[in-house]
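Read left to right, the sequence shown gives residues 0 to 160 (numbering that gives the first Met the number 0).
Virtual Cβ for every residue (Gly too), placed ideally from N, Cα, C.
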Amino acid sequence: MLTELVYPLWLCPHKLFKFPYKTMIYPEAGFELHRRQGDTSYAQMYTDVGVYYAPGPVLRGEVFDGAGAVRTMESWLIENHGYQPQYAVSELDEKSFWRMFDAGLYENCRKKYGAVGTFMSVYYKSKKGRKTEKEVQEAEQAHLETPIAEVDDDEDDQPAD
Numbered sequence: 000m001l002t003e004l005v006y007p008l009w010l011c012p013h014k015l016f017k018f019p020y021k022t023m024i025y026p027e028a029g030f031e032l033h034r035r036q037g038d039t040s041y042a043q044m045y046t047d048v049g050v051y052y053a054p055g056p057v058l059r060g061e062v063f064d065g066a067g068a069v070r071t072m073e074s075w076l077i078e079n080h081g082y083q084p085q086y087a088v089s090e091l092d093e094k095s096f097w098r099m100f101d102a103g104l105y106e107n108c109r110k111k112y113g114a115v116g117t118f119m120s121v122y123y124k125s126k127k128g129r130k131t132e133k134e135v136q137e138a139e140q141a142h143l144e145t146p147i148a149e150v151d152d153d154e155d156d157q158p159a160d
């Protein structure tokens, strides 16, 4: 992964719980059969690793490609079934971003509650200024016109009389 010295690292363990429905982040399929340290029959262990401060080359006054280092880390996360929490800026292209997260539920909710075209996608919120507002609006319009998944009009969603 990254070969540069970075200190401090913030390690925050979490459990990804297995629910009868999927969320954007959920345990890997079959994790119960191949448990690793910290896993249980109902949750998979996950550790959020926060990288803080400045890399060694920056502290030494050397040239450092921060965007390249982030891309390297993001590729490693995808290859190792990890994900990048969205409190950090991403260098991922949109296709790679959605390899980390399950877009199905997210897009269903956005369509169902009228967020498409009103609020920008989480991808564009975390993506470092590569698209203009017009490009984001065009991408949102394309989402409106593309049936990613059918939105249910369940009776459960109707207000009670």
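Continuous beta strand (DSSP E) stretch holding residue i: start and end
i	result
Val50	42-50
Leu91	That residue, Leu91, is in no beta strand (DSSP E); it is neither H nor E in DSSP.
Limits of the alpha helix (DSSP H) - the one that residue i falls within
i	result
Lys111	102-111
Val121	121-125
Glu166	In the structure as shown, the chain begins at 0 and stops at 160. Residue 166 is therefore absent and cannot be evaluated.
Gly55	55-58
Residue j beta carbon less than 7 Å from that of residue i
i	j	result
Gly116	Glu139	yes
Phe96	Tyr112	no
Glu90	Val62	no
Contact belief for residue i with residue j at Cβ below 8 Å, rounded distance in angstroms
i	j	result
Gln43	Leu15	5 Å
Pro12	Thr46	5 Å
Ser125	Gln85	5 Å
Counting pairs of beta carbons, one from the region 52-61 and one from the region 73-80, are three or more of them closer than 8 Å? In short, these stretches do not touch, since the Cβ pair count stays below three.
Enumerated in chain order, which unbroken segments of the beta strand (DSSP E) with a length of 3 residues or greater are wholly contained in the region 7-42? If we require 3 residues or more, the beta strand (DSSP E) runs fully inside the region 7-42 come out as 8-16.
Kindly confirm or deny that the region 19-26 and the region 92-107 touch, where touching means at least three C-beta pairs closer than 8 Å. yes
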